[in-house]
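Under the UniProt record's numbering, think of the first position of the sequence shown as 1, with each following residue one higher. Each residue gets a CB set at the ideal place from its N, CA and C atoms; glycine is no exception.
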Amino acid sequence: MRTSYVSNRQKLGQFFTPERITDFIISFLDADTTSILELGCGEGTFGKSALSRFPNMNYVGVELDRKWHKLAIGKIPEKSVLLGDALSMRTFRKLQHCAPFSAAIGNPPYTRHILNSNSLSQIYRAFPSIRTIPINKLSRLDLAFLAASLSLIQRGGVLAFILPKTFFSDPGFRMFRQDLVKRYQCDFVAELDSATFEGIEVDTTFLLLRNQAPTINNVRLGKVNLEGEVVADLSVSFSSAIDRMDFSHYKLLQELNLADESSMLRLADVVQDFQRGSLSKIEFVKMGREHFHTTDFPSDFDEIDFGDASEISGVHARAGDILVPRVGSRCLLRQAIVQRGGRSITDCIYRIRPNEGFAETILQSLQHEIGQRWRQAHARGTCAKYLTVTDIMQMPLIT
Ligand SMILES: C[S@@+](CC[C@H](N)C(=O)[O-])C[C@H]1O[C@@H](n2cnc3c(N)ncnc32)[C@H](O)[C@@H]1O
1 MRTSYVSNRQ KLGQFFTPER ITDFIISFLD ADTTSILELG CGEGTFGKSA LSRFPNMNYV
61 GVELDRKWHK LAIGKIPEKS VLLGDALSMR TFRKLQHCAP FSAAIGNPPY TRHILNSNSL
121 SQIYRAFPSI RTIPINKLSR LDLAFLAASL SLIQRGGVLA FILPKTFFSD PGFRMFRQDL
181 VKRYQCDFVA ELDSATFEGI EVDTTFLLLR NQAPTINNVR LGKVNLEGEV VADLSVSFSS
241 AIDRMDFSHY KLLQELNLAD ESSMLRLADV VQDFQRGSLS KIEFVKMGRE HFHTTDFPSD
301 FDEIDFGDAS EISGVHARAG DILVPRVGSR CLLRQAIVQR GGRSITDCIY RIRPNEGFAE
361 TILQSLQHEI GQRWRQAHAR GTCAKYLTVT DIMQMPLIT
């Protein structure tokens, strides 16, 4: 029983939105909302919040898992919740009878599945710039739920969704963001606290949009606390929003007083070569070869002595190189400069080879609040954290 709960939890992306957050999200819907769709409604908390604000509205939820469907119909009228696959043609036809909805809400599963042709065409219709979804390969269900919901709401209708932060910060989602701001009226994009969901640390974002062409040229970004309150917000242009829509990035630029970005010296300006290790720690261990991994960063100083150079091959660090973690949790903010010797590095490490005379500037900038907070704010990944080359190369330097 426990096993099936655990595996379903992972397989179906089951983590549930607390009521204070569902109440908060429902508060953004129009006062004249008459019908709401929720694909993947879980235990029905969103539906309960929606019905308490709009008692006479027509709510339709869909849930695949019998266990959560049963819990949902304990909270909301049984006829409001369909048991089935939200993306099947069978369900879609049933939903079309009730469409168009005034609003769609939800927190879809952040998992992958092979999508049917209907889901693929819904994605292409909603986000035509996305051209890279392979047929018969696992694809993102959250994106498919988003597109399906958009296809079922009325023109001018509201979509209020919780999505992984990756959609709003990852370079791979640039085309998605471009369509988002150019095709829809993106009213609010707000980071939720990573402790919002019980039992799981996950970086998510609340997206509020209207299914119509944009009427203004900027996007409001914000941060929501655990109580479901907006604690800070700011506004960014479309071109910035396409680049990234994560509030913490812009907030950091503001706080560090880095508004004049054009005159700023960045890591990319003073780097001769930037490499990532090519082999994993496991591969090094299997080959019995010495290597430098994220767990080898010294915790109390930033200099490493690899001793007399042993036999090194592949991507390696030598004296004068600066190493930073690419992946990790607590270690992500470390750095070290190689004083002597050389060693191969794993694929979790970036090697920075500075331009002559810039090693000290780079090291000090990494150690400085700017380097620490830059990496903290740009760490990507919904659960495991990583830094991209683009983000780290854009790190401002203290001069
Ligand atoms: C992240 S949970 C969120 C549940 C709920 N919306 C909330 O915010 O509390 C996603 C839900 O989608 C359900 N689900 C996953 N795949 C589904 C599918 N193909 N059709 C319908 N529901 C699905 C899961 O069982 C889970 O209850």
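Does at least one heavy atom of ligand 1 sit under 7 Å from the Cβ of G106?
Yes; taking the cut-off as 7 Å, the Cβ of G106 has a heavy atom of ligand 1 nearer than that.
Identify which residue in F358, L397 and L51 has its Cα closest to the Cα of R266.
Ranking the options by Cα distance to R266, first place goes to L397.
If you count every other CB in all the chains shown that lies within 10 Å of the CB of K79, and 16 or more means buried, which is it?
Result: exposed.
In this structure, how does DSSP classify E201 when only helix, strand and coil are distinguished?
E201: coil per DSSP, three-state reduction.
What separation, rounded to the nearest whole angstrom, lies between the Cα atoms of V389 and V324?
Roughly 11 Å separates the two Cα atoms.
D305: buried (16+ other C-beta within 10 angstroms of its C-beta) or exposed?
Exposed, by the Cβ-count rule.
For A379 and Y386, what's the separation of their Cα atoms in angstroms?
If I take the Cα positions, the gap works out to 5 Å.
For the putative contact between I345 and I352, defined by C-beta atoms under 8 Å, what is the C-beta separation to the nearest angstrom?
Contact flag wrong, Cβ pair sits at about 11 Å.
Alpha carbons only, please: which of T45, P108 and D23 is nearest the one belonging to T204?
For T204, the nearest C-alpha among the options comes from P108.
In or out: G342 buried (at least 16 other Cβ within 10 Å) or exposed?
Looking at its Cβ environment, which holds 16 or more other Cβ atoms inside 10 Å, G342 is buried.
Is it a yes or a no for the segment 102-119 touching the segment 148-162, going by three-plus beta-carbon pairs under 8 Å?
At 8 Å Cβ cutoff, the stretches touch.
Do V285 and F24 come within 8 Å of each other at the CB atom, strictly closer than that value?
Cβ atoms of F24 and V285: not closer than 8 Å.
Could you have a look at L255 and say whether DSSP puts it in helix, strand or coil?
It is worth fixing the name first, because residue 255 is Glu in this sequence and not Leu. Three-state result, E255: helix.
Assign R326 to buried or exposed, taking buried as 16 or more other Cβ atoms, counted over all protein chains shown, within 10 Å of its Cβ.
So R326 counts as buried.
How big is the Cα-Cα spacing for H368 and G357?
Approximately 18 Å, taken between the alpha carbons.
Going by the DSSP bridge assignment, what does Y110 pair with across the sheet?
Y110 is not bridged to any residue.
List in chain order: all unbroken alpha helix (DSSP H) runs of 4+ residues lying wholly within the segment 260-345.
Runs found: 281-287.
Looking at T17 and ligand 1, is the gap between the Cβ and the nearest heavy atom below 7 Å?
Within the cutoff, so yes.
Pairs of beta-carbons, one from the segment 76-96 and one from the segment 174-186, closer than 8 Å: are there three or more?
Not touching, per the Cβ criterion.
Please go through the same chain and pick out, in chain order, the residues whose beta-carbon is closer than 7 Å to the beta-carbon of G314, but skip the five residues on each side of it.
Hits under 7 Å: S278, L279 and S344.
Within the same chain, show all residues whose beta-carbon is closer than 6 Å to that of P77, passing over the 5 residues directly before and after it, in chain order.
Cβ within range, chain order: n/a, list empty.
Can you round the beta-carbon distance between N211 and R155 to whole angstroms, since I take them to be within the 8 Å contact cut?
Contact holds; Cβ gap of about 6 Å.
Cβ of T295 versus every heavy atom of ligand 1: is any distance shorter than 7 Å?
No, the Cβ of T295 stays beyond 7 Å of every heavy atom of ligand 1.
Check Y184 in the structure and name its three-state DSSP category.
Coil.
Could you tell me whether any non-hydrogen atom of ligand 1 is closer than 7 Å to the CB of A336?
False, no ligand heavy atom lies under 7 Å from that Cβ.
Could you compute how far the alpha carbon of P18 sits from the alpha carbon of E43?
Each residue's alpha carbon lies about 11 Å from the other.
Express the C-alpha separation of L141 and P164 in angstroms, rounding to a whole number.
Distance between the alpha carbons of P164 and L141: 12 Å.
Going by CA-CA distance only, name the one from D347, K67, D308 and G106 that's closest to R340.
Among D347, K67, D308 and G106, the Cα nearest to that of R340 is on D308.
Within its chain, find whatever has a CB closer than 6 Å to the CB of H291; leave out the 5 residues flanking it on each side and keep chain order.
Contacts found: F284, S344 and T346.
CA-CA distance, F16 and P128?
So the two alpha carbons sit approximately 30 Å from each other.
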